[in-house]
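Before any comments, here is the structure.
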Amino acid sequence: MMLIVSGLSGPGGVAVGGSMIVTLGVFMSRVLSTEQAKAAIGQVQSIITGGFTDQISALDAQGRVLSDPNVWDGPLAAEFRGSTWPETKAALDKAKEELEQLRGQLQKISQDIFSAGGGA
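Counting in the numbering used here, the sequence shown runs from 16 upward without gaps.
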């Protein structure tokens with residue numbers, strides 16, 4: 016933030032012409048929250064809590080079924096159990112964790128918007 020001061024007095028009270036710019040070290044950042052942003056936050060939260068993480072859990076359950084050699088066996092099944100499913104499961108677990116973090120961040124953003132007077 017800059018403060019512009021005009022018409023300064025010099026030594027002995029003598030007027031000095033011009034302006035002086037004083038930097039206060041405070042930076043203002045733009046804050047904007049449209050109805051579209053609030054709606055998008057709500058939709059993302061709905062997708063996460065309304066089934067997306069449940070679908071990841073359902074994939075995990077079926078992957079575990081297919082990893083059981085009593086259910087499916089053979090060379091491709093062994094490859095699935097040995098590398099395909101463990102790698103996929105790790106990616107799914109990470110995605111689920113990141114979605115939960117995103118949901119939490121969006122919840123905080125939503126609360127901040129509401130407390131700042133942007134809530135309906």
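Ideal placement from N, C-alpha and C gives every residue a C-beta, glycine not left out.
Residue i versus residue j - alpha carbon distance
| i | j | result |
| --- | --- | --- |
| Ala93 | Ala110 | 25 Å |
| Gly57 | Gln51 | 10 Å |
| Pro84 | Leu74 | 18 Å |
| Pro101 | Val46 | 43 Å |
| Arg118 | Ala54 | 14 Å |
| Phe129 | Val86 | 52 Å |
| Lys104 | Gly65 | 21 Å |
| Val80 | Ile71 | 14 Å |
| Arg96 | Asp88 | 9 Å |
| Thr99 | Ser82 | 10 Å |
| Pro90 | Ser44 | 58 Å |
Any non-hydrogen atom of the ligand NAP closer than 8 Å to residue i Cβ
| i | result |
| --- | --- |
| Gln60 | The ligand NAP is absent from the structure shown, which contains no ligands of any kind. |
Nearest-angstrom Cβ-Cβ length linking residue i and residue j, presumed shorter than 8 Å
| i | j | result |
| --- | --- | --- |
| Thr68 | Leu114 | 6 Å |
Exercise. Write down every uninterrupted run of the alpha helix (DSSP H) in the stretch 69-128 whose length is 4 residues or greater and which is fully enclosed by it, in chain order.
Key: Every alpha helix (DSSP H) stretch that sits fully inside the stretch 69-128 and reaches 4 residues is listed by chain position as 90-94 and 100-128.
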